[in-house]
Amino acid sequence: METDAETAAKRLLGCELVHEVEGHRLRVRIVETEAYDEADPASHTHRGRTARNDAMFLSAGHAYVYLIHGLHHCMNVVAGFEGHGCGVLIRAAEPLEGLAEMERRRGRGGAELTNGPGKLCQAMGITLPMREHDLGEPPLILIRRSPVDQDQIVVTRRVGIAKNADAPRRFYLRGDPWVPRPWTT
DNA sequence: GAAAAGATCTTCT
DNA sequence: GAAGATCTTTTCC
């Protein structure tokens, strides 16, 4: 399971994320990811291990959740071996199960449900306490799927960052309607 | 110890 | 298309 961040980011495309909360089963399929690791100036782990990014240094398959701009959550899947700060940001997903509950949590529906890191976490009910959670255990589980075809994956520069912005480390499924529109090529 | 920026989203013009 | 919301972490006196 342990790999470099870019390989993990590509492998996560098409995988499913399930969160069982308050009697609801929320299930999505990952369609857009970004890779981050210690050698990357844009990564939270670039300046070493701290109290905030500690989860990123756990073994592969853990969750790293953080608060951005004081009001939105973002979720990463840790990719590397214990002690290596690399992981994958989940940027967008396709809702598969629990649509009504996600719409209730978001206060919106349709394409606005899960087409962004903050929106996805709000729809899925993923918050700070899920930091350092093992994604092999309930209530939040990552379901591995066989990797999608290489020619289904589009690689571009990442979104919304200032440092190392030109690095081609963002991956999404070609033509998928749940990938945010302006970036879909 | 103080100030600024940040892997974002929503609302208003 | 631009700015506001809102708070943690980092950086610079």
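Just remember that the working numbering sits 8 ahead of the position in the first sequence, which is counted from 1. We put the beta carbon where it would ideally sit given N, CA and C, even for glycine.
Query: How do the region 152 to 170 and the region 84 to 94 stand: do at least 3 beta-carbon pairs fall below 8 Å, yes or no?; Result: no
Query: If you measure between the beta carbons of residue 73 and residue 81, is that distance less than 7 Å?; Result: yes
Query: Please report the distance separating the alpha-carbon of residue 184 from that of residue 38.; Result: 11 Å
Query: Taking 7 Å as the cut-off, decide whether the C-beta atoms of residue 102 and residue 186 are in contact.; Result: yes
Query: With burial defined as no fewer than 16 other Cβ atoms inside 10 Å of the residue's Cβ, what is the status of residue 171: buried or exposed?; Result: exposed
Query: My guess is that residue 70 and residue 143 are in contact by the Cβ rule of under 8 Å, so how many angstroms apart are they, rounded?; Result: 7 Å
Query: Quick one: does the C-beta of residue 113 sit closer than 6 Å to a heavy atom of the ligand FMN?; Result: By its list of ligands, the structure shown contains no ligand whatsoever, and the ligand FMN lies outside what it can speak to.
Query: Suppose you measure from the CA of residue 50 to the CA of residue 44; what does that come to, to the nearest Å?; Result: 7 Å
Query: Give me whichever residues DSSP pairs with residue 36 in a beta bridge.; Result: 25 and 103
Query: Just to confirm the assignment, what range does the alpha helix (DSSP H) spanning residue 17 have?; Result: 13 to 20
Query: Could you give the residue range of the beta strand (DSSP E) that holds residue 83?; Result: 80 to 86
Query: Please report the straight-line C-alpha distance between residue 135 and residue 159, rounded to a whole angstrom.; Result: 34 Å
Query: Between 23, 21, 46 and 175, which lies nearest to residue 12 when the distance is taken from Cα to Cα?; Result: 46
Query: Skipping 5 residues on each side, what residues in its chain have a beta carbon closer than 7 Å to that of residue 176?; Result: 163, 164 and 165
Query: Kindly indicate the opening and closing residues of the alpha helix (DSSP H) around residue 128.; Result: 125 to 132
Query: Note the first and the last residue of the continuous beta strand (DSSP E) segment covering residue 150.; Result: 148 to 151
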